[in-house]
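Numbering (the working numbering), first residue to last: 23 to 106.
Set out below in structure tokens:
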């Protein structure tokens with residue numbers, strides 16, 4: 023699964039927790055994998071492609087629920103609004 027995500031341009035990391043010994047496991051017994059993308063051209067297409075990968079249960083892109091995103095970095099904060 024991680025190889026397929028990498029083909030889409032994502033960098034993966036299996037989530038671990040200091041409160042637990044090892045990886046974070048969901049109530050359903052699944053691992054959580056954090057993925058970062060440098061640039062996303064089309065979030066709808068990316069979500070569709072991710073969900074088509076065997077082993078991916080869901081994403082946290084929230085593309086149909088979010089109207090704006092606040093991005094904070096070391097030098098500035100930006101607000102990105104969803105195109106209407």
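Each residue gets a CB set at the ideal place from its N, CA and C atoms; glycine is no exception.
Nothing here was measured: the structure is a model prediction, and the numbers come from that model.
### Task
Consult DSSP for residue 71 and reduce its assignment to one of helix, strand or coil.
helix
### Query
Less than 8 Å separating the beta-carbons of residue 57 and residue 94?
no
### Message
Is it buried or exposed, residue 91, if we count other Cβ atoms within 10 angstroms and call 16 or more buried?
### Response
exposed
#### Entry: Where the beta strand (DSSP E) through residue 89 begins and ends
From DSSP, residue 89 is part of no beta strand (DSSP E); its letter is neither H nor E.
### Query
Contact check, residue 37 vs residue 54 under 8 Å by CB: the rounded distance?
4 Å
### Query
Looking at the unbroken beta strand (DSSP E) that takes in residue 57, where does it start and where does it end?
55-59
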